[in-house]
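Q: Dumping the structure here so I can ask a few things about it.
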Amino acid sequence: MTQQHAHTSPGLRAWLGLVVILGPVLLVSMDGSILFLAMPSITEAISPTADQALWMLDIYGFAVGSLLVAFGSIGDRYGRLKLLMIGAAVFGAGSAGAAFAPTPELLIACRALMGVAGATLLPSALAVLSELFPDPKQRARAIGVFAAAFAAGFAIGPVVGGALLGQFWWGSVFLVNLPVIAVFLVFAPVLLREVRATRTGRVDLLSVVASAGGLLLTIYGIKHLAAGGFSVLPVVTGLLGLATLTFFALRQRQLEHPLIDFSLFRDRTFTVAVITGLLPLAAWSAAAYLSGIYLQSVLGLSVLHAALLALPGAAVLTITCIVTPAFVERIGKKAALVICHFAIAGGILLLLPTTITGGIGWYVVSTVIAGVGYGISFAVVADTAVGAVPAERAGSAGAIAETSNEIGNALGIAILGSLAALIFRLQGPGLAPTLDETLQLPDLVPATLQDAKGAFVTGLHVVAVVTSLLHATLGAVALRWFSRPTTAEPSSSTTGQPAHEHLAGKP
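To get my numbering, take the position in the sequence shown, counting from 1, and add 4.
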């Protein structure tokens with residue numbers, strides 16, 4: 005890039021390119037949550053088991069999260085736009101396959117394919133976007149729009165899914181992707197330019213396989229223990245997964261060019277930022293998924309009614325994401341991270357007054373208050389993580405921050421969803437592993453129906469308490485860490501520069 009080019013203001017082509025890029029970005033984030041309100045309809049149509057239903061939801065997030073860093077490196081080597089075009093086409097093919105999948109196994113496979121394609125889209129889209137806006141101020145504004153679209157996708161996924169299901173069959177939640185993908189494939193070659201970066205080293209294939217395999221094996225063990233009780237296979241599988249993840253972490257220390265640079269976690273602010281990328285997404289996805297079942301299967305609301313009730317929280321989340329940068333300029337990123345966790349903790353705790361006969365108002369208030377915390381999280385995590393490390397390590401920091409978002413989304417359903425399934429199995433009537441499967445059984449007596457709904461609500465409450473405690477604890481830890489600067493974190497008063505620019509490892 006020449007100096008003259010660096011100061012050229014972006015024209016209409018750049019802003020049109022931004023609009024085109026936002027389409028796939030919105031789809032990747034939206035498809036992480038669009039099934040939350042659709043699961044009762046899917047369960048009725050193709051009858052998945054309890055663990056198959058959870059895999060339908062989170063195999064997508066695991067595929068995206070486990071391959072995000074690897075595809076970032078591949079795009080640098082072979083071309084971001086080329087990878088973006090291939091990923092979009094595969095994402096469209098996976099969406100079409102999922103829409104017409106006749107069995108749970110095929111739907112899970114198509115969701116996995118969509119996740120692999122999604123992992124190519126996010127890092128490549130951000131790199132191509134940066135090329136469109138060489139001026140730093142314009143680029144910051146464009147990246148802000150990018151972040152808001154990504155956050156909005158997570159927030160509106162259940163709403164879009166509910167609106168579609170109010171008019172069409174469950175496959176429509178996947179077919180809605182195809183027009184967006186078609187527009188992107190037509191206009192991207194015209195409006196976007198190829199981007200490559202000179203990188204040393206190569207992608208370590210063994211690390212990619214170990215990270216993805218370790219995650220999947222570990223979560224497989226957790227799911228089966230929660231849904232089916234203790235048995236040898238899930239225990240062995242889970243332990244093998246943990247061993248594989250341990251091998252992955254140890255291998256990264258030996259590589260000259262690791263897939264994930266774990267030494268970055270020595271910095272407190274970076275660590276809190278990455279956890280803030282993971283935990284709020286875990287809380288949000290679990291709460292949205294379980295609340296969707298609560299509204300439809302416990303309270304008996306239609307899918308469209310449930311979608312409309314999710315609108316206030318989605319609106320607050322999106323607006324908060326947009327206004328947070330200005331808010332952060334006044335109070336600082338560290339204070340924003342602390343507020344984020346306490347807002348989520350308080351909001352999720354408001355799910356506790358919900359019962360099998362009512363709780364709509366509590367649900368709406370809960371999503372609105374927690375939405376403030378979620379919005380702050382989405383807006384500041386990547387910027388805070390990148391700002392906490394030296395400039396030459398910013399790429400690694402940004403990739404880890406993006407990965408934490410996707411893994412958090414998947415872990416929320418995998419672990420917290422499995423916790424709710426475990427509570428239902430222990431306290432429910434014992435006729436089926438899930439509430440939706442129980443409700444489909446013939447000749448249910450009212451007492452059994454009450455027991456099943458009550459067990460599900462208890463599981464929802466347990467998840468709310470656990471999630472709230474985790475966020476309150478992290479908020480307290482962050483408050484303590486940030487109030488005690490170390491020698492590696494000099495204050496702005498002594499350096500004349502913002503403190504977050506002089507964190508560990510920064511000269």
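Glycine residues also receive a C-beta, built at the ideal position from the N, C-alpha and C atoms.
Does the distance from the C-beta atom of Val-29 to that of Leu-71 stay below 8 Å?
A: Going by C-beta atoms, Val-29 is not nearer than 8 Å to Leu-71.
Q: List the endpoints of the continuous alpha helix (DSSP H) containing Gln-171.
A: Looking at the DSSP string, Gln-171 is not in any alpha helix (DSSP H), and its letter there is neither H nor E.
Q: Please give the ranges of any alpha helix (DSSP H) in the region 410-459, keeping only runs that are unbroken, at least 4 residues long and fully inside the region.
A: The region 410-459 contains these whole alpha helix (DSSP H) runs: 421-431 and 439-443.
Q: Residues in the same chain with beta-carbon distance under 7 Å from Ala-42, minus the five sequence neighbours each way, listed in chain order, please.
A: Excluding positions up to five away in sequence, the list reads Gly-165, Leu-169, Trp-174 and Val-177.
Q: Quick check on Phe-104: buried or exposed, where buried means 16 or more other Cβ atoms within 10 Å of its Cβ?
A: Looking at its Cβ environment, which holds fewer than 16 other Cβ atoms inside 10 Å, Phe-104 is exposed.
Q: Determine the burial state of Leu-22: buried for a count of at least 16 other Cβ atoms within 10 Å of its Cβ, exposed for fewer.
A: Buried, since its Cβ has 16 or more Cβ neighbours within 10 Å.
Q: When you compare each of Tyr-224, Asp-271, Arg-84 and Leu-229 to Arg-3 by their alpha carbons, which one comes out closest?
A: Residue numbering for the chain in the displayed model covers 5 to 511; residue 3 lies beyond these limits and cannot be assessed.
Q: Helix or strand or just coil, what does DSSP make of Leu-355?
A: Of the three classes helix, strand and coil, the one that applies to Leu-355 here is coil, per DSSP.
Q: Can you list, in chain order, the stretches of the alpha helix (DSSP H) that have 4 or more residues and sit fully within the region 198-281?
A: As far as the region 198-281 is concerned, its whole alpha helix (DSSP H) runs of at least 4 residues are 209-232 and 236-258.
Q: Please report the straight-line C-alpha distance between Ala-314 and Ser-289, rounded to a whole angstrom.
A: Those two C-alpha atoms are separated by around 13 Å.
Q: If we count Cβ pairs, one from each stretch, closer than 8 Å, do we get three or more for the region 235-255 versus the region 314-329?
A: Taking 8 Å as the limit for Cβ pairs, the verdict is that the region 314-329 does not touch the region 235-255.
Q: Does the contact criterion of 3 or more C-beta pairs under 8 Å hold for the region 302-309 versus the region 375-382?
A: At 8 Å Cβ cutoff, the stretches do not touch.
Q: Label Glu-505 either buried or exposed according to how many other C-beta atoms from any shown protein chain fall within 10 Å of its C-beta, with 16 as the threshold for buried.
A: No answer about Glu-505 holds up, because its pLDDT of 36 lies below 50 and its placement is not dependable.
Q: CB-CB under 6 Å to Lys-227, same chain, minus the five flanking residues each way: which ones, in chain order?
A: Within the same chain, Lys-227 has close Cβ partners Asp-55, Leu-58 and Ser-422.
Q: Using the Cα positions of Thr-490 and Cys-114, report the straight-line distance between them to the nearest angstrom.
A: With a pLDDT of 47 at Thr-490, under the threshold of 50, the modelled position of this residue cannot be trusted; read the value that follows with caution. Distance between the alpha carbons of Thr-490 and Cys-114: 49 Å.
Q: Mind checking which residues open and close the alpha helix (DSSP H) that includes Gly-21?
A: Here the alpha helix (DSSP H) through Gly-21 covers 16-34.
Q: Round the Cβ separation of Phe-1 and Val-24 to the nearest angstrom and send it over; I've been treating them as touching at under 8 Å.
A: The structure shown does not extend to residue 1, since the chain is modelled only from 5 to 511, so the question has no answer here.
Q: On a Cα-Cα basis, can you pick out the residue from Asp-447, Val-481, Ile-38 and Val-467 that is closest to Pro-162?
A: Residue Ile-38 is the option with its Cα nearest to Pro-162.
Q: Within this structure, are the beta carbons of Val-384 and Ala-340 separated by less than 8 Å?
A: It is a contact, given that the beta carbons lie within the stated cut-off.
Q: Could you check the C-alpha separation between Asp-447 and His-309 for me, to the nearest Å?
A: Approximately 27 Å, taken between the alpha carbons.
Q: Are the region 271-288 and the region 407-420 touching by the rule of at least three beta carbon pairs closer than 8 Å?
A: Enough Cβ pairs lie closer than 8 Å, so yes.
Q: Closest to Ala-216 by C-alpha separation, out of Ser-51, Ala-349, Ser-267 and Ala-116, would be which residue?
A: Closest option to Ala-216, Cα to Cα, is Ala-116.
Q: At what residues does the alpha helix (DSSP H) containing Phe-4 begin and finish?
A: With the chain represented from 5 up to 511, any question about residue 4 goes unanswered, as that position is not in the structure.
Q: If you reduce the DSSP assignment to three classes, tell me which class Gly-195 lands in.
A: The amino acid at residue 195 is misidentified as Gly; the sequence shows Leu. Correct three-state label for Leu-195: helix.
Q: Please name the residue in Thr-53, Gly-350 and Lys-338 whose C-alpha comes closest to that of Ala-476.
A: When only C-alpha atoms are compared, the closest one is Gly-350.
Q: Assuming Gly-225 and Val-236 form a contact by the criterion Cβ under 8 Å, report the distance between their Cβ atoms to the nearest whole angstrom.
A: With a Cβ gap of about 11 Å, Gly-225 and Val-236 do not count as contacting.
Q: For Cys-325 and Ala-153, what's the separation of their Cα atoms in angstroms?
A: If I take the Cα positions, the gap works out to 9 Å.
Q: Under the assumption that Arg-255 contacts Ala-214 (Cβ atoms under 8 Å), give the Cβ distance between them as a whole number of angstroms.
A: Yes, Arg-255 and Ala-214 are in contact; Cβ-Cβ is about 7 Å, under 8 Å.
Q: Leaving out five residues on either side along the sequence, give the residues of the same chain with a beta carbon under 6 Å from the beta carbon of His-345.
A: So the list reads His-475, Leu-478 and Gly-479, once near-sequence residues are dropped.
Q: Pairs of beta-carbons, one from the region 44-53 and one from the region 84-95, closer than 8 Å: are there three or more?
A: The region 44-53, when compared against the region 84-95, does not touch it at the 8 Å Cβ threshold.
Q: Among residues of its own chain, excluding the 5 on either side of Leu-179, which ones have a beta-carbon nearer than 8 Å to its beta-carbon?
A: Closer than 8 Å at Cβ, skipping near neighbours: Ser-99, Ala-100 and Ala-103.
Q: Considering only residues of the region 42-125, which uninterrupted beta strand (DSSP E) runs meet the minimum length of 3 residues and lie entirely inside it, listed in chain order?
A: You should have found no qualifying run.
Q: Would you call Ala-451 buried or exposed, if buried means 16 or more other Cβ atoms sit within 10 Å of its Cβ?
A: Burial call: exposed.
Q: Helix, strand or coil, according to DSSP, for Gly-365 in the structure here?
A: Three-state DSSP puts Gly-365 in a helix.
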